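Per this note's numbering, the sequence shown starts with residue 20, numbered consecutively. Glycine is no exception: its CB is placed at the ideal position from the N, C-alpha and C atoms. All of these numbers come straight from a predicted model, not from anything done at the bench.
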Amino acid sequence: MIDKKVALVTGVSSGIGRATATLLSRRGFRVFGTMRKPSEINGPLEGVELVRLDVRDEESVRSCLRTVLDQAGRIDALVNNAGYTLIASLEETSIEEAKDVFETNFFGVLRMSQALLPIMREQGYGRIANISSVLGFLPAPYQGIYAASKHALEGYSESLDHEVRQFGIRVSVIEPGFTRTSIGQNGQLAGQPLVAYASDRNRVLDAIRESIAKGEDPVRVASVVMEALTSRSPRLRYPAGREAKFLSLLRRFAPARLLDNGLRKQFGLQTPRSSDPPPDIRLGEKVP
Ligand SMILES: NC(=O)c1ccc[n+]([C@@H]2O[C@H](COP(=O)([O-])OP(=O)(O)OC[C@H]3O[C@@H](n4cnc5c(N)ncnc54)[C@H](OP(=O)(O)O)[C@@H]3O)[C@@H](O)[C@H]2O)c1
Numbered sequence: 020m021i022d023k024k025v026a027l028v029t030g031v032s033s034g035i036g037r038a039t040a041t042l043l044s045r046r047g048f049r050v051f052g053t054m055r056k057p058s059e060i061n062g063p064l065e066g067v068e069l070v071r072l073d074v075r076d077e078e079s080v081r082s083c084l085r086t087v088l089d090q091a092g093r094i095d096a097l098v099n100n101a102g103y104t105l106i107a108s109l110e111e112t113s114i115e116e117a118k119d120v121f122e123t124n125f126f127g128v129l130r131m132s133q134a135l136l137p138i139m140r141e142q143g144y145g146r147i148a149n150i151s152s153v154l155g156f157l158p159a160p161y162q163g164i165y166a167a168s169k170h171a172l173e174g175y176s177e178s179l180d181h182e183v184r185q186f187g188i189r190v191s192v193i194e195p196g197f198t199r200t201s202i203g204q205n206g207q208l209a210g211q212p213l214v215a216y217a218s219d220r221n222r223v224l225d226a227i228r229e230s231i232a233k234g235e236d237p238v239r240v241a242s243v244v245m246e247a248l249t250s251r252s253p254r255l256r257y258p259a260g261r262e263a264k265f266l267s268l269l270r271r272f273a274p275a276r277l278l279d280n281g282l283r284k285q286f287g288l289q290t291p292r293s294s295d296p297p298p299d300i301r302l303g304e305k306v307p
């Protein structure tokens, strides 16, 4: 009998993590899925063995990996999916709020990967799929810290993929566009909002909520994760879904001004008619 490949997916209580864990299980993986509170699971997760994990906590990471290795003896694939958004202007974001986002979205991935790499090196095999975002290559307004965390994740993943290839390990980033999940409800807003940003921020928030509601089915993202984990020669980047593929092409080939205008329009931000400075600060001009 051929042993099943073992996958560990973080954050399976909802959304992309849940869809990915379910799909991997249906396609023959033995799947361990993590939640911070497994007792609060919302509906059955067919074929998925639940493990407690908070990616912000070193001991929780160690204990999660111990549990999976004790039960399965190996981990062939890690899907770093756990993450959340912060919708806020950069000026109204506190350093603590920014650090919290990085603690989960970036250092959470670092913790999981660093703890698992010695095992994967010993196995001489491993696949890591990090769930990034379109915002990992295309920053958007009022999601600056989230975009920064995903850019950091993309840089980290690309470097890591170079370093661990010699051990039979490959790393990919999956870049979903708006996807119909609980990310809006689970996201954070600025704790100390500034009135100056209120109207633009609220317009962006409405646009994001609407885009998530009309977004891709998370199953579509799950199938892209599946492709990255099972391809003989995985790519580094996988834009997931139609919108993400289109934006990835635009980012690479379209003039910057076109993208800038398109983004501002999508998020309902007004573009000033002219970007000239006001007359009294123009260099070399007399103030009337
Ligand atoms: N939905 C989108 O439009 C979209 C687009 C691009 C990228 N993404 C990315 O896709 C990933 C999944 O998001 P989603 O849309 O599926 O959102 P979601 O429905 O809110 O799911 C997020 C998952 O992350 C887990 N999580 C959050 N903080 C955690 C922590 N500290 N430790 C362990 N698990 C934690 C949550 O689990 P518990 O709270 O149960 O522990 C939950 O299962 C994220 O990395 C997100 O950035 C989403």
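Near ligand 1: residue i beta-carbon under 7 Å from a heavy atom
i	result
M54	yes
Y216	no
Y175	no
D73	yes
T86	no
A101	yes
T200	yes
S191	no
P389	Residue 389 lies beyond the stretch modelled for the chain, which goes from 20 to 307, so this question has no answer here.
V67	no
G127	yes
F121	no
T29	yes
G260	no
P195	yes
Residue i in three-state terms, based on DSSP
i	result
Y216	helix
G155	helix
V244	helix
L278	helix
E304	Here E304 scores only 41 on pLDDT, less than 50, and its place in the model is too uncertain to base an answer on.
P57	helix
Q211	coil
V74	coil
T200	coil
F51	strand
E194	strand
Y257	strand
Exposure of residue i, with buried meaning 16 or more beta-carbon neighbours within 10 Å
i	result
L277	exposed
S178	exposed
S58	exposed
I188	buried
Q211	exposed
V128	buried
V80	buried
V223	buried
I114	exposed
K284	exposed
K24	buried
Nearest-angstrom Cβ-Cβ length linking residue i and residue j, presumed shorter than 8 Å
i	j	result
E235	G206	At roughly 18 Å, the Cβ-Cβ gap does not stay under 8 Å, so E235 and G206 are not in contact.
I164	V98	Not confirmed; about 23 Å, so no contact.
M245	R37	The pair is not a contact, with the Cβ atoms about 14 Å apart (cut-off 8 Å).
R153	L266	Reading off the sequence, residue 153 comes out as Val, not Arg. Yes, V153 and L266 are in contact; Cβ-Cβ is about 5 Å, under 8 Å.
I94	T200	Not really, about 25 Å apart at Cβ, beyond 8 Å.
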